[in-house]
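Scroll down for the structure; my scribbles are underneath it.
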Amino acid sequence: MTRSFSSAGLKSTITTLHDGDTTIHCWVPKKYKLTKPNLLLIHGIGANAKWQWTRIISSVTPLFNVYVPDLPFYGDSYTSRLDRTEHFQAECVMMTMEALGVMGKINMVGLSYGGFVAYSMAAKFPEAFERVVILGAGVCLDSEIDLEEGLFSAKNIKDAANVLLAQTPEGIRELLTITFFNPPNVNCAPNCVLNDFIEEMNVEYFEEKKECIEAVQKDRNHLGEIADLVVLKETGHAVNMEQPKELIRLFKLFFIERSFPQRENSGKGTPLLR
Numbered sequence: 001m002t003r004s005f006s007s008a009g010l011k012s013t014i015t016t017l018h019d020g021d022t023t024i025h026c027w028v029p030k031k032y033k034l035t036k037p038n039l040l041l042i043h044g045i046g047a048n049a050k051w052q053w054t055r056i057i058s059s060v061t062p063l064f065n066v067y068v069p070d071l072p073f074y075g076d077s078y079t080s081r082l083d084r085t086e087h088f089q090a091e092c093v094m095m096t097m098e099a100l101g102v103m104g105k106i107n108m109v110g111l112s113y114g115g116f117v118a119y120s121m122a123a124k125f126p127e128a129f130e131r132v133v134i135l136g137a138g139v140c141l142d143s144e145i146d147l148e149e150g151l152f153s154a155k156n157i158k159d160a161a162n163v164l165l166a167q168t169p170e171g172i173r174e175l176l177t178i179t180f181f182n183p184p185n186v187n188c189a190p191n192c193v194l195n196d197f198i199e200e201m202n203v204e205y206f207e208e209k210k211e212c213i214e215a216v217q218k219d220r221n222h223l224g225e226i227a228d229l230v231v232l233k234e235t236g237h238a239v240n241m242e243q244p245k246e247l248i249r250l251f252k253l254f255f256i257e258r259s260f261p262q263r264e265n266s267g268k269g270t271p272l273l274r
């Protein structure tokens with residue numbers, strides 16, 4: 001995965017924030033081009049950003065100046081501060097962009113938990129962003145009411161955290177069933193293989209990651225008429241894994257061509273909803 005990012009024209013950087021309390025790892029362009037728009041990719045729950053963006057990275061770097069940070073407690077990013085809210089994560093990413101000297105406005109994509117961080121960034125720093133895409137993140141979800149009414153597969157936010165940060169082979173199998181429309185067949189995979197996956201993805205900073213999920217705030221407003229909703233048919237939560245080509249096509253439409261057709265068909269025929 002590191003090779004795929006490097007081959008795509010990105011290099012690894014470390015930025016220190018908060019008087020040394022916070023360290024943020026970020027993939028940045030080896031060569032910045034003023035003729036390209038900026039694109040910030042914010043990952044969701046997982047080991048690091050490479051796991052979630054590797055399938056699209058070689059397709060977006062020719063089009064954008066791409067920045068791919070690891071949020072605190074993922075990859076090589078860490079903070080000793082106790083704030084676990086997505087607002088703090090948003091502050092860390094924004095401070096990193098400023099420290100890197102990113103010029104001009106930024107287009108942004110937030111996936112899953114990263115969608116909550118992206119929402120917070122756009123709300124707090126609206127002047128910094130051109131356009132924002134939120135993938136698979138219920139930013140208007142009420143973590144108490146909506147979860148209890150069955151709008152999510154978890155009973156409450158703590159249950160959701162335990163599912164997303166699975167610590168057993170059985171938990172990994174359940175997670176894949178939930179997140180993929182066509183989940184990979186891991187029923188025959190030996191537990192030792194799945195345990196290695198858990199060790200790589202979920203063991204380090206488990207409690208801190210869980211606290212971040214549980215700390216997601218509920219004070220977001222609905223987006224209203226300024227947003228377009230795209231529903232991809234036969235696609236699960238892991239849209240980045242199941243529909244990478246479709247994501248690239250939609251990114252081009254939204255970020256570069258700056259418009260969707262009135263009745264845009266996405267994926268396998270599901271219309272864009274306005």
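Residue numbers (full-length UniProt numbering): 1 to 274.
Backbone N, C-alpha and C fix where the C-beta goes; we use that ideal spot for every residue, glycine too.
Nothing here was measured: the structure is a model prediction, and the numbers come from that model.
Would residue 230 and residue 247 qualify as a contact pair, given that the criterion is a beta-carbon distance under 8 Å?
Not in contact: residue 230 and residue 247 (Cβ atoms no closer than 8 Å).
Identify which residue in 208, 170, 2 has its Cα closest to the Cα of residue 282.
Nothing can be reported for residue 282: it is not among the residues displayed for the chain, which extend from 1 to 274.
Would you call the region 50-57 and the region 84-101 in contact, with 3 or more CB pairs under 8 Å?
Judged by Cβ distances under 8 Å, the region 50-57 makes no contact with the region 84-101, as fewer than three pairs qualify.
Taking Cβ to Cβ, would you say residue 33 is nearer than 8 Å to residue 65?
Result yes, Cβ atoms of residue 33 and residue 65 sit closer than 8 Å.
With a 10 Å radius around its C-beta and 16 neighbouring C-beta atoms as the bar for buried, classify residue 182 as buried or exposed.
Using a 10 angstroms sphere on the CB of residue 182, the tally of other CB atoms stays under 16, which defines it as exposed.
Am I right that residue 123 and residue 134 are in contact with their C-beta atoms under 8 Å? What's the rounded C-beta distance?
The Cβ separation is near 12 Å, so there is no contact.
Give the range of the alpha helix (DSSP H) segment to which residue 240 is assigned.
Judged by DSSP secondary structure, residue 240 falls within the alpha helix (DSSP H) whose first and last residues are 239-242.
With 16 as the cutoff for other CB atoms within 10 Å, does residue 70 come out buried or exposed?
Residue 70 comes out buried.
Provide the residue span of the beta strand (DSSP E) that contains residue 131, from first to last.
For residue 131, the enclosing beta strand (DSSP E) stretches over residues 129-135.
Assuming contact is defined by CB atoms lying nearer than 8 Å, are residue 109 and residue 67 in contact in what I supplied?
No, the Cβ-Cβ distance between residue 109 and residue 67 is not below 8 Å.
Cα-Cα, which of 137, 61, 43, 139 is closest to residue 8?
Checking every option, the nearest Cα to that of residue 8 belongs to 61.
Tell me whether residue 18 sits in a helix, a strand or coil according to DSSP, three-state version.
In the three-state reduction of the DSSP assignment, residue 18 falls in the helix class, which pools H, G and I.
Can you list, in chain order, the stretches of the alpha helix (DSSP H) that have 4 or more residues and sit fully within the UniProt domain "AB hydrolase-1" (37-146)?
Complete alpha helix (DSSP H) runs here, min 4: 49-53, 57-60, 86-99, 113-124.
Rounded to whole angstroms, what is the Cα-Cα separation between residue 132 and residue 126?
The alpha-carbon separation between residue 132 and residue 126 amounts to approximately 10 Å.
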